[in-house]
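Mapping the sequence shown onto the UniProt record's numbering, position 75 (from 1) lands on 75, and the numbers just tick up by one. By construction, the Cβ of each residue, glycine as well, lies at the ideal position given by its N, Cα and C atoms.
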Amino acid sequence: MHIIIDCTTTQNQFKHHGIGVYTKQAVKNIIKHPKTKFSLLLFNAPSTLDKILENKPSNVEIVRIGKLRKSDYLNKLWFHTQYLPNIKKIKTNKSIYFCPYFWAGIPSNTLPTILMVHDMILPIFNIYSEGNKLKNFVKKQLYWLELNNSKKCKGIVVNSECTKQDYLKYYPDYDPNRIKVIYLDAELEGTNPNWDEKLPNDYKQKGYYIYMGGTVYKNKNSKGAVDGYSNLIQRLNSKEKAPYLVIAGGNFVKDNPQAQEFRLYIKDKGLENKVILTGFYEDNQAQQLLSNSIAMLHLSLYEGFGISLVEGMKAGTAVIAHNGSCYPEVL
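What follows is the structure, given as structure tokens:
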């Protein structure tokens with residue numbers, strides 16, 4: 001058997017997001033099968049897989065497909081000029097393509113393809129772009145133009161029964177027996193002596209709740225996490241002695257309109273000294289940030305799986321989650 005895998009989400013803007021982390025972990029484990037040949041598609045750029053592939057086994061080859069491309073409106077162009085020509089060059093009659101991220105391109109018309117569907121967030125919320133209505137409309141057309149190729153996939157992998165049922169709502173004619181539910185695991189990568197460098201000096205005395213929502217997108221309900229924290233400290237006798245809310249992640253400190261609005265929301269509630277924005281944190285800081293917290297919050301309105309829940313549980317901290325979408329299934 002020969003498996004071709006798109007690994008480019010370990011290089012572009014998704015490399016530290018759920019999709020990129022999923023691809024990294026999937027590849028790390030799947031290439032351990034010695035009797036299968038693997039071809040890993042990568043741009044001519046660094047990857048979070050680089051350390052893993054330093055001593056790659058002989059059954060694994062790296063196929064460079066050209067210049068690093070950001071996932072955007074031109075994905076279809078990059079697929080036909082960079083991905084597909086290389087796929088056709090290396091494929092054999094024993095080849096299978098594994099697609100961890102559909103928007104990069106699904107070659108189901110070219111060779112047998114297995115697709116990973118992480119969630120159906122965008123159509124459920126009708127938010128395909130954080131830009132204006134025109135951008136949202138254009139992105140919506142591109143979304144369905146590509147995802148419709150999933151109907152020809154030999155199989156689909158999903159991360160929860162919730163995601164499986166959501167997919168079937170949009171594609172009721174797809175054979176449900178060809179959709180495999182595989183729950184995800186999380187890997188907490190070691191420890192870092194500087195894990196608390198961005199926390200207040202008195203965090204040990206006051207304690208903190210932690211929120212790792214990832215983004216400020218509507219489905220993440222980041223404002224809801226702030227509202228919940230605000231309600232909590234209003235019930236306490238002393239706001240000054242109240243635990244902090246630590247919000248970890250680089251997307252919350254960016255200069256885009258959504259992040260700016262979120263920070264203003266915190267300020268308007270008078271919480272700028274109680275809500276701590278750490279910005280980007282290293283993978284080897286996550287375990288200590290979680291394990292030293294009072295509890296982890298994850299209140300998304302919708303998730304396909306919610307890998308942060310597993311990270312919180314593996315770190316041994318309490319998890320406070322929304323009772324909806326996949327959460328009851330995962331917890």
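- Along the length of the UniProt domain "Glycosyl transferase family 1" (204 to 330), whole beta strand (DSSP E) runs at least 3 residues long occupy 208 to 211, 244 to 248, 275 to 279, 295 to 298, 318 to 321, reported in chain order.
- According to DSSP, Lys180 shares a beta bridge with Val157.
- If you look at Tyr22, you'll find it in the alpha helix (DSSP H) that goes 18 to 30.
- In this structure, the CA atom of Ser150 is about 25 Å from the CA atom of Leu68.
- Runs of the alpha helix (DSSP H) spanning 4 or more residues and lying entirely within the stretch 92 to 141 occur at 121 to 125, in chain order.
- A Cβ-Cβ distance of about 16 Å is found for the pair Cys99 and Met120, leaving them out of contact under the 8 Å criterion.
- When DSSP states are grouped into helix, strand and coil, Phe43 belongs to the coil group.
- Secondary structure note for Ile87: its alpha helix (DSSP H) is the uninterrupted segment 84 to 90.
- With distances taken between CA atoms, Lys180 lies nearest to Cys153 out of Thr191, Lys198, Cys153, Gln205.
- Around the C-beta of His33, fewer than 16 other C-beta atoms lie within 10 Å, and the residue is accordingly described as exposed.
- In the structure shown, Lys37 falls within a strand segment according to DSSP collapsed to helix, strand and coil.
- Approximately 13 Å separates the beta-carbon atoms of His298 and Gly304; this is outside 8 Å, ruling out the contact.
- Comparing C-alpha distances from Asn194 to each of Pro107, Tyr208, Asp283, His80 shows the shortest one belongs to Asp283.
- For His2, the beta-bridge partners assigned by DSSP are Lys37, Ser95.
- In the three-state reduction of the DSSP assignment, Glu54 falls in the coil class.
- Here Glu61 is bridged, per DSSP, to Ser39.
- Rounded to the nearest angstrom, the gap between the Cα atoms of Phe262 and Ala248 is 14 Å.
- Gln25 and Lys76 have their C-alpha atoms spaced approximately 26 Å apart.
- Between the stretch 234 to 247 and the stretch 264 to 276 there are three or more inter-stretch CB-CB distances shorter than 8 Å, so the stretches are counted as touching.
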